[in-house]
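>
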Amino acid sequence: MKKPQNTIAIILVRIKSRLTIKNSINNCIIGIIFALLVGIVMDLLSRIIPIYNVYGKWIIIVTLAFIATLSYSIITAPSLHKTAEIVDSYGLKERVSTTLEYQDSDSPYKNALIQDTIETLSKFNYKKSITLFPNKKTLIILLSLTFAFIVAYFIPNPKKALAEEKHTLKQYQKEKEKEIKEAEKKINEDMKLTEEQKKELQASLAQLKKEIKEAQEKKEVDKAIEKTAKKLELKKQEELAKDLKNLEDILEKNKNTKELSAALKNSDVNKMKEELEALKNKLKDMSDKEKEELKETLAKASDSVNSSELKNQINSLSSAMTSGDEVAINQSVDSIQGTLMDGISQQQMNNALAQLQDALVASQKGNGTQLAQGDGDNQGNGQGNGQGNNKENSKGSGQSNDLGGGAGNGSSDADGGVTDYSSGSGIANNQGGSSREKEYEKIFTPKRIEGTGESSSLTGKKGSNSGNSESYITDDSNAVLGELVPYDQVAGEYSDKAMESLNSYEIPEGMIEIIKEYFSSLQE
Amino acid sequence: MDQSDIQEVVSKIRKVEEEVGKAIIGQKDVINQVLIAIFAGGNILLEGSPGLGKTQLVKTLAKVMDLTFSRIQFTPDLMPADVVGTNIIIKDSSGKGLFEFQHGPVFSNLVLADEINRATPKTQSALLEAMQEHTVTVANKTYKLEEPFMVLATQNPLENEGTYPLPEAQLDRFLFKIMVPYPNLEELRNIVAITVNKEPIELNKVIDKNEILSMRKILKEVPISAAVEEYALKVILSTHADFEEAPEISKKYIRYGASPRAAQAIISAAKVRAVMEGRCNVAFDDIKYVALPTLRHRFFLNFDAVSDGVTTEMIIKEILDSQFKKA
Chain D
36 MKKPQNTIAI ILVRIKSRLT IKNSINNCII GIIFALLVGI VMDLLSRIIP IYNVYGKWII
96 IVTLAFIATL SYSIITAPSL HKTAEIVDSY GLKERVSTTL EYQDSDSPYK NALIQDTIET
156 LSKFNYKKSI TLFPNKKTLI ILLSLTFAFI VAYFIPNPKK ALAEEKHTLK QYQKEKEKEI
216 KEAEKKINED MKLTEEQKKE LQASLAQLKK EIKEAQEKKE VDKAIEKTAK KLELKKQEEL
276 AKDLKNLEDI LEKNKNTKEL SAALKNSDVN KMKEELEALK NKLKDMSDKE KEELKETLAK
336 ASDSVNSSEL KNQINSLSSA MTSGDEVAIN QSVDSIQGTL MDGISQQQMN NALAQLQDAL
396 VASQKGNGTQ LAQGDGDNQG NGQGNGQGNN KENSKGSGQS NDLGGGAGNG SSDADGGVTD
456 YSSGSGIANN QGGSSREKEY EKIFTPKRIE GTGESSSLTG KKGSNSGNSE SYITDDSNAV
516 LGELVPYDQV AGEYSDKAME SLNSYEIPEG MIEIIKEYFS SLQE
Chain B
43 MDQSDIQEVV SKIRKVEEEV GKAIIGQKDV INQVLIAIFA GGNILLEGSP GLGKTQLVKT
103 LAKVMDLTFS RIQFTPDLMP ADVVGTNIII KDSSGKGLFE FQHGPVFSNL VLADEINRAT
163 PKTQSALLEA MQEHTVTVAN KTYKLEEPFM VLATQNPLEN EGTYPLPEAQ LDRFLFKIMV
223 PYPNLEELRN IVAITVNKEP IELNKVIDKN EILSMRKILK EVPISAAVEE YALKVILSTH
283 ADFEEAPEIS KKYIRYGASP RAAQAIISAA KVRAVMEGRC NVAFDDIKYV ALPTLRHRFF
343 LNFDAVSDGV TTEMIIKEIL DSQFKKA
């Protein structure tokens with residue numbers, strides 16, 4: 036037989052469920068009202084401040100509000116005692132709550148109380164008293180806000196395109212920052228790098244991150260990345276140059292590699308090739324002692340270089356020598372030869388760039404206001420080729436393919452000597468008409484694979500046009516002279532070097548800004 | 043105890059009410075409140091103009107409930123011994139003189155202290171022990187009063203000349219202070235019709251003193267929920283200006299709040315009222331109903347209240363509302 040207390044509990048549980056549903060409905064409506072208010076405010080704000088994907092964000096807010104209010108309603112669902120108190124407030128004169136408190140007591144009134152409560156509860160139509168329909172006032176507010184929100188949705192948003200653009204930039208920045216973080220992680224985990232190198236790389240990446248963060252356009256992000264990549268490339272080249280120098284010093288101490296060291300010192304690629312070939316042959320006839328000395332030299336050489344590639348190749352040669360495997364020795368020597376030649380070429384390229392930079396700075400210092408000015412659609416560029424057998428003579432000629440009008444001043448100083456430079460400047464400011472953006476002209480950069488010589492810059496005055504010319508002197512007329520690279524790449528490098536040099540030269544303050552502007556204009 | 047036992051108690055009270063109603067026309071609330079106080083075991087102070095049937099009500103109750111009844115007309119020259127009794131010298135059969143206690147009118151179940159405020163405070167205080175302890179002490183000898191013992195005092199609010207307001211300590215011993223209102227036209231017509239034109243009404247004894255005592259025991263056990271009890275206690279505390287939950291009106295106008303005896307009074311009276319309403323539990327409404335007669339004489343207002351025309355009734359209503367909102 037069912038206990039009378041259970042009858043009360045069953046009725047109360049039903050009422051409790053109804054109360055929870057009622058509270059959930061009311062709370063959800065309040066949540067949606069709040070979300071609508073936020074949505075309208077966001078929508079209006081997005082017309083002043085660019086906000087990306089307002090409606091997407093609003094849907095998230097609605098969903099969150101809905102989940103939050105629903106969760107809140109479930110969490111704060113009334114207890115059985117609270118339910119009893121609520122039921123009592125519908126005119127049951129505290130019968131139910133008193134019964135719950137006294138149902139387990141020894142009160143002489145207990146049975147009478149339970150009996151009375153069951154009778155009263157059975158007459159209580161809770162479905163009628165506790166309606167699920169939300170209150171009218173709340174409903175009116177909800178409908179009004181919904182209407183306002185719909186109206187706001189159909190009003191065109193002038194800032195929408197801008198917001199989308201900013202969002203794309205932000206995403207791009209995030210993507211790049213993520214890549215940088217991954218790179219940082221790899222650097223930290225790299226066992227081959229020294230702590231100093233790691234710190235240096237981390238600093239470069241930190242600077243890059245900062246620049247990316249501060250970038251206002253996607254182009255600026257790309258520029259920052261490109262700039263850092265160039266810096267790192269230069270760093271790599273510096274390291275390679277150091278390695279070559281160390282290698283020269285170590286190899287010089289062994290009689291069998293002395294000639295090879297000299298070839299390296301002179302950056303004489305042919306001689307180096309010959310010496311390496313000779314070394315291969317010598318190895319066959321070397322005494323054990325000589326081999327041992329050579330191995331020792333190679334071990335020292337391996338220790339002295341930072342390049343892991345070169346280190347491995349030297350170690351491989353050392354191992355091949357120990358085993359006496361000729362094929363392996365040949366392969367090792369060939370691979371060392373390849374790496375060294377690349378290194379020398381790169382070094383030569385660096386030298387060329389340094390000379391160009393020096394020439395540029397010297398020109399600015401010497402001529403002061405010799406910066407060329409001109410009007411035209413494009414900048415005039417000149418290309419010059421120089422040939423000669425004698426290092427003391429220099430010839431230069433400039434050509435311009437300038438489409439607009441420009442004026443340039445320049446001077447050529449070819450008075451002989453190995454370090455003969457010609458310097459000049461002549462850049463037309465791109466002020467008139469429209470220019471073809473991002474389609475930079477290709478200009479010549481000297482890159483000699485074979486042969487030796489010096490690079491030279493010439494400034495030519497070519498009618499109404501202006502342009503830079505660069506000449507290259509070599510004693511080998513069949514040398515590969517270089518290649519055509521986009522103008523902006525070279526200009527970027529020039530600018531960076533020049534900016535770095537600003538602090539190390541005595542330049543009048545008024546000129547610093549002019550120089551900065553000039554180099555900035557080069558990259559535009 | 044089941045529902046039928048409760049119904050039996052209720053029906054007995056109803057019978058008393060009906061029987062009293064034969065002699066007292068109208069005044070339903072007064073009769074109801076008097077019965078609540080009697081079954082809660084308290085003393086009653088009836089305040090009203092002369093001729094409203096206060097004395098008649100007490101006499102009727104005594105008859106219907108089969109209680110011994112004494113009436114003491116309080117006057118300025120009334121002495122305490124006139125109320126409680128005194129030792130007198132009597133001679134025994136051998137002619138020897140002996141002190142013998144002569145019982146005063148207080149030795150009754152129902153004592154009507156008519157116009158209690160006309161006696162001096164000394165005489166008024168003679169009732170203190172009887173009202174609270176249900177005992178009387180004369181010449182170091184304590185005499186127990188017969189149960190049930192109740193004092194029903196009356197006072198006239200109009201004639202203040204030559205009266206002695208009751209001291210706070212004595213007022214606190216009255217469970218209820220009931221205001222007897224003037225009858226309306228219909229009630230007045232009925233009073234005239236019954237008392238002037240017809241023969242005197244014969245009243246029946248409905249219950250006796252033993253039944254009253256057993257009913258009191260039953261009524262004390264009526265369940266009260268924690269929320270309702272808290273509400274009642276907070277109402278009492280709200281008559282104290284320093285109670286933080288007290289409404290502003292209390293803080294502004296109350297000079298001295300109700301004593302803990304008021305808390306006992308309000309709960310026990312509410313229990314009786316609940317059963318009289320046919321319920322087995324005390325509701326908020328019961329507390330509200332008994333709060334006015336229980337509290338109106340238990341706290342005292344300051345001069346601001348007097349000058350602003352604020353009455354104790356106004357304050358009690360404000361307290362009841364403010365605490366109910368919080369409950």
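Chains as they are written, first to last, in my numbering: chain D, 36 to 559; chain B, 43 to 369.
Ideal Cβ positions, reconstructed from N, Cα and C, are used throughout, including at glycine.
Keep in mind that this is a model prediction, so the values were computed, not measured.
1. Using DSSP with H/G/I as helix, E/B as strand and the rest coil, what is B/M221?
2. Does the beta carbon of D/S142 sit closer than 8 Å to a beta carbon anywhere in chain B?
3. With 8 Å as the threshold, decide whether the Cβ of D/E120 is near any Cβ in chain B.
4. Do the region 243-260 of chain B and the region 124-134 of chain D make contact, defined as three or more Cβ pairs closer than 8 Å?
5. Okay, do the region 216-225 of chain B and the region 90-110 of chain B touch, 3+ Cβ pairs below 8 Å being the bar?
6. Using a Cβ-Cβ cut-off of less than 9 Å, give me the residues of the region 308-332 of chain B that come near chain D, in sequence order.
7. Report the three-state DSSP secondary structure of D/D13 (helix, strand or coil).
8. Roughly how many angstroms separate the alpha carbons of D/T42 and D/N160, rounded to a whole number?
9. Examine chain B for any beta-carbon lying closer than 8 Å to the beta-carbon of D/L115, and answer yes or no.
10. Would you mind reading off the limits of the beta strand (DSSP E) that contains B/Y185?
11. With a cut-off of 8 Å, does the C-beta of B/I220 fall near any C-beta of chain D?
12. Below 8 Å on the Cβ atoms is my contact criterion, and I expect B/I114 with B/L154 to pass it. Report the Cβ-Cβ distance as a whole number of Å.
13. Less than 8 Å between CB atoms is the rule here; does D/Y137 satisfy it with respect to chain B?
14. If contacts are defined as beta-carbon pairs under 8 Å, then D/Q372 and D/L318 qualify, I think. What distance do you get, rounded to the angstrom?
15. Taking B/L88 as part of the beta strand (DSSP E), name the residues at either end of that continuous run.
16. I need the DSSP call for B/G299, collapsed to helix, strand or coil.
17. Threshold first: 3 residues or longer. Then list the beta strand (DSSP E) segments lying entirely within the region 224-280 of chain B, N to C.
18. In this structure, how does DSSP classify B/Q115 when only helix, strand and coil are distinguished?
19. Less than 8 Å separating the beta-carbons of B/V248 and B/I329?
20. Using a threshold of 8 Å, state whether the C-beta atoms of B/F81 and B/I48 are closer than that.
21. Strictly under 8 Å for the Cβ-Cβ distance: is B/P265 near chain D by that measure?
22. D/G433 to D/S370, Cα distance in whole Å?
23. Please report whether the beta-carbon of D/A147 lies at a distance below 8 Å from any beta-carbon of chain B.
24. If I measure Cβ to Cβ from B/F341 and keep anything under 7 Å in the same chain, skipping five residues before and after, which residues do I get?
25. Which residues of chain D have a Cβ atom closer than 8 Å to the Cβ of B/A269, listed in chain order?
26. Quick check: is the beta carbon of D/D151 nearer than 8 Å to any beta carbon in chain B?
27. Out of D/D303, D/N223, D/K128 and D/I285, which has the shortest C-alpha to C-alpha gap to D/E328?
28. Mapping DSSP to helix, strand and coil, what is D/A397?
29. Any idea if B/G83 is buried or exposed, counting beta-carbon neighbours within 10 angstroms, 16 or more meaning buried?
30. Using C-beta distances below 6 Å, list every residue in its chain close to D/K253, excluding the 5 sequence neighbours before and after it, in chain order.
31. Looking only at its chain, what residues have a beta carbon closer than 7 Å to the beta carbon of D/I219, apart from the 5 residues adjacent to it on each side?
32. Nearest to B/F326 by CA position, among B/Y273, B/L109 and B/L334, is which residue?
33. What does B/L154 pair with, by DSSP beta-bridge criteria?
34. To the nearest angstrom, how far is the alpha carbon of B/I233 from that of B/I66?
35. Would you kindly work out how many angstroms separate the C-alpha atoms of B/M173 and B/V193, rounded to a whole number?
36. Can you check whether the C-beta of B/D47 is within less than 8 Å of a C-beta belonging to chain D?
Result, derived from the coordinates:
1. strand
2. yes
3. yes
4. no
5. yes
6. A316, E319, G320, R321, C322, N323, V324, A325, F326, D327 and D328
7. Look at the range of chain D in this structure, 36 to 559, and you will see that residue 13 of chain D is not part of it.
8. 15 Å
9. no
10. K183 to K186
11. no
12. 7 Å
13. yes
14. Not confirmed; about 14 Å, so no contact.
15. N85 to E89
16. coil
17. none
18. strand
19. no
20. no
21. yes
22. Its pLDDT being 40, under 50, D/G433 is placed unreliably by the model, and the measurement read from it follows with that caveat. Roughly 40 Å between the two C-alpha positions.
23. yes
24. T281, I296, Y298, G299, A300 and T354
25. E120, E129 and S132
26. yes
27. D/I285
28. Since pLDDT at D/A397 reaches only 48, below the 50 mark, its modelled position is unreliable, and no value is offered.
29. buried
30. L204 and Y207
31. According to the sequence shown, residue 219 of chain D is Glu rather than Ile. Within the same chain, D/E219 has close Cβ partners Q237 and L240.
32. B/Y273
33. B/R113 and B/L194
34. 8 Å
35. 7 Å
36. yes
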